[in-house]
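Novice: The following block contains the structure, expressed as C-alpha cells.
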Amino acid sequence: MTSTLQFSLCGLIIIAFLSSACSDTTNDTTETGLSDSTYLVTETPGGKNDTGYASNVATEFQAVFRSTISFSLKNVEPELWQSVASALMSPGSPELLDGAGLQLKFGKTEFNSKGLRPNHLVEAVQALEVTVDPETASVRVLFQAETEVIVAHSDALKHHWTAENLIGKRFTATVPDNPWPMHFVAKMACQDEESHGPDPLSYYYYFDAFREGCAEAMLAGGIERVGLEIEIVSVEPPFVSFPEYDRLMEDGRLDIIAFFPHATDGWVPGSFDWGASARDKFVRNLRQAGFGLQSTPKGDIYERVKSGVVQSIRVVGPELLQSLPDFAKSLYRELIPNYEIVLYNGHSNYGSLDILTEPTLYPGHYQIFFINACWSYEYYTKQIFQHNKTEQDPMGWANADVVINTELGWFDHFGSLSTILVANLLRGSMTGGVEGHRFYSWDRIVTALNSFAQANPNDGQHELFGVSGVKGNSYTP
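Each step along the sequence shown adds one to the number in this note's numbering, with nothing skipped, and position 88 is 89.
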C-alpha cells in the first residue's frame with residue numbers, strides 16, 4: 002500500500018550481516034562487505050541470458066484502452082457547450098488526458114485482480130466520438146488511449162497465458178463515467194474495508210465498484226458505471242542490457258544518494274520507525290564494507306576509495322526529512338541533480354509524489370533511479386522519462402534507468418534491497434560489468450532483488466521488481 006503500509010508490516014527480516022570490513026582506501030578490487038554473495042548477482046556460467054522486459058518475474062506489454070467519460074457542463078453557459086466539446090476533440094486535450102488517466106486508476110484494483118498491472122500515466126489519448134447531452138448538461142467522450150501493462154509470470158502460468166496468446170485479449174474493469182466527484186458523491190459506499198475515508202487522493206485505490214450500495218450511490222449522484230476495456234496489442238522482443246557503467250564512471254567517482262523517509266504517520270523522532278530501521282540496516286552494511294562517515298547538515302556521507310575511484314553515498318534519514326517543510330521538496334530539488342544513482346525507500350503516497358514531475362530535478366546526465374515503494378511502476382516510471390525527453394531522445398531513456406516495483410512494498414525489506422542494488426552497481430562499475438561468471442547486467446541485478454523478495458514474503462506477498470528505460474542502453478562489457 003502507500004500511507005497504510007506500516008500497518009501491513011510483519012516482523013523485521015533479520016539478515017546475517019557482513020563479518021569483515023575493508024579499509025577506507027585500497028587498490029584491491031576483492032571485497033568483503035557489499036560484495037558478499039548474499040547481495041551479489043549469482044554466477045551464471047555460459048554467458049548472457051536474454052529477457053524481455055528487464056525482469057525475471059514479469060513481462061511488459063503494449064496496450065490500448067477504451068472508455069466513455071463524462072464532463073459536467075452545469076457551470077458552463079449553454080452557448081459555450083459546443084466549444085467545450087470541440088476542445089475535447091482536439092489532439093492532446095489536457096482535460097481528456099487527465100480524465101483518461103483517472104479512469105484508468107479507478108480500474109486498478111479490478112485489473113490487478115485479473116492479472117494486469119497497467120501504467121497509470123497516459124501520454125497519448127484520442128477522442129473517437131463526442132456527444133453533448135442537454136438533458137444532463139454534460140458532454141460524453143468515447144476515447145482511446147495507449148498504456149503499458151505488466152503481467153507477472155505467476156499470473157501468466159495461472160491463466161495459461163503466453164506472450165503470443167495474450168496479444169489481442171481484452172479485459173474490462175467497471176469505472177465511473179465521471180470520476181472526479183466520486184469521493185464527494187459516493188463517499189464510503191464505494192470504498193473497500195481498507196479505506197481510511199473518502200479522501201480524493203486515495204479514493205481510486207480503495208474503489209470497489211461491486212460493493213453493496215455502490216451502484217445506487219453513484220446513480221443517486223448522477224454518475225454512471227461504464228466499462229473500461231484494455232486490449233493487449235504487442236510485446237517487445239527479448240533483449241539484454243547493462244547499466245551504462247562507462248557513463249557512471251566517466252568523472253572518476255561514483256555518487257549515490259539514498260532517501261529513507263519515515264513509515265509511520267505521526268512518528269516522533271527517537272521512537273521506533275520502520276523507515277529509520279531500514280536506514281540503520283543499510284548504514285550498518287556500508288560501515289562493515291569499509292565506508293567512512295562524514296556527517297553533514299543534509300544527511301550523512303559515507304565514502305571509501307577503491308582502485309583510485311571515490312565511492313560516495315549520502316544517506317538521508319527520516320529525522321531530517323520530517324523536520325523540513327513542504328514534504329522536504331527543497332532538499333530533493335537541491336540534492337537529486339547532483340547524483341548518478343538515486344534511491345527512494347518510502348511510501349508511494351498513491352502516486353502523488355509530484356516532486357518527480359519537476360524538470361529541474363533532471364540534470365541532463367545519466368542517472369539510475371530506484372523507486373522502492375508500492376506500485377512504483379504504475380505511478381512513477383514515465384514521470385521520470387517525461388522530463389528526460391529531448392529532440393534526440395524522444396523516449397527519455399538515454400539519461401535514465403528506473404528500477405521499480407509493481408506490487409506492495411515493505412519497509413522491513415528496504416535496507417536489504419538497497420544493499421543489493423548498490424552492491425551490484427558498485428561491483429559492476431569496478432569490474433566493467435563482468436567478473437568471471439558474474440554478469441552485472443540489469444536482468445541479473447533485478448533477479449537478485451526479486452530473489453530476496455520471494456524468499457522473504459510478508460503475509461504471503463512480496464515485491465515484483467523490474468527496470469525500465471534500459472532497452473536502448475549502449476554499454477557492452
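C-beta atoms are modelled at their ideal positions from N, C-alpha and C, and glycine is treated no differently.
#1: Report the rounded CA-to-CA distance for T43 versus F283, giving the unit in angstroms.
#2: Have a look at Y54 and E80 and give me their C-alpha separation to the nearest angstrom.
#3: Report all residues from its chain with a CB closer than 6 Å to the CB of L103; omit the five preceding and five following residues, and keep chain order.
#4: Can you list, in chain order, the residues of its chain with a C-beta nearer than 8 Å to that of E304? Leave out the 5 residues immediately preceding and following it.
#5: Look up E217 in the DSSP assignment and say whether it is helix, strand or coil.
#6: Whole alpha helix (DSSP H) runs in the region 58-124 with 4 or more residues, listed along the chain?
#7: For the beta strand (DSSP E) holding E130, just list the boundary residues, first then last.
#8: Tell me the start and end of each unbroken beta strand (DSSP E) in the region 303-366 that is at least 3 residues and wholly inside, in chain order.
#9: Comparing alpha-carbon positions, which option in N339, V131, L344 lies nearest L362?
#10: State the beta-bridge partners of I421 as determined by DSSP.
#11: Using DSSP with H/G/I as helix, E/B as strand and the rest coil, what is G429?
#12: Could you spell out where the alpha helix (DSSP H) holding Q445 opens and where it closes?
#13: Assess contact between the region 119-134 and the region 249-257, defined as three or more Cβ pairs (one per stretch) separated by less than 8 Å. Is contact present?
#14: Short of 8 Å in beta carbon distance, which residues of its chain neighbour G116, apart from the five on each side in sequence? Order them along the chain.
#15: Identify whether D413 lies in helix, strand or coil by the three-state DSSP scheme.
#16: Give me the Cα-Cα distance between T60 and A187, rounded to the nearest whole angstrom.
#17: Give me the Cα-Cα distance between V468 and V241, rounded to the nearest whole angstrom.
#18: Contact check, V85 vs V140 under 8 Å by CB: the rounded distance?
#19: Out of R171, A164, G253, F415, which has the shortest C-alpha to C-alpha gap to M431?
#20: Run through the DSSP bridge pairs and tell me what A288 is partnered with.
#21: Give me, in chain order, the residues of the same chain whose beta-carbon lies closer than 8 Å to that of S419; leave out the 5 immediate sequence neighbours on both sides.
#22: Below 8 Å on the Cβ atoms is my guess for V236 versus F62; work out the distance and round it to an integer in Å.
Specialist: The short version:
#1: T43 and F283 have their C-alpha atoms spaced approximately 21 Å apart.
#2: Because the pLDDT of Y54 is 49, which lies under 50, any placement of that residue in the model is unreliable, and the question is left without a value.
#3: Only P180 meet the Cβ criterion.
#4: Excluding positions up to five away in sequence, the list reads D25, F292, G293, Q295, V311, Q312, S313, I314.
#5: Looking at E217 - three-state DSSP - the assignment turns out to be helix.
#6: Entirely contained in the region 58-124, the alpha helix (DSSP H) runs reaching 4 residues are, in chain order, 82-90, 95-107, 109-114.
#7: Under the DSSP assignment, E130 falls in the beta strand (DSSP E) whose first and last residues are 126-134.
#8: You should have 310-317, 342-346.
#9: Of all alpha-carbon atoms in N339, V131, L344, the one lying nearest the alpha-carbon of L362 is that of N339.
#10: The bridge partners DSSP lists for I421 come to none.
#11: Here G429 sits in helix by DSSP.
#12: The question names Gln, but residue 445 is Arg in the sequence shown. For R445, the enclosing alpha helix (DSSP H) starts and ends at 443-456.
#13: No, the region 119-134 does not touch the region 249-257.
#14: Taken in chain order, the residues that qualify are V152, A153, D156, A157, K159, H160, W162.
#15: Helix, per DSSP.
#16: Taking C-alpha positions only, T60 is separated from A187 by approximately 36 Å.
#17: Rounded to whole angstroms, V468 to V241 spans 12 Å at the Cα level.
#18: Rounded, the Cβ-Cβ distance is 6 Å, consistent with contact.
#19: For M431, the nearest C-alpha among the options comes from G253.
#20: At residue 288 the sequence reads Arg, which differs from the Ala that was named. In DSSP, R288 forms no bridge with anything.
#21: Closer than 8 Å at Cβ, skipping near neighbours: A259, A279, F283, L344, N346, F371, N373.
#22: Between F62 and V236 the Cβ distance is about 5 Å, and since that is below 8 Å, they are a contact.
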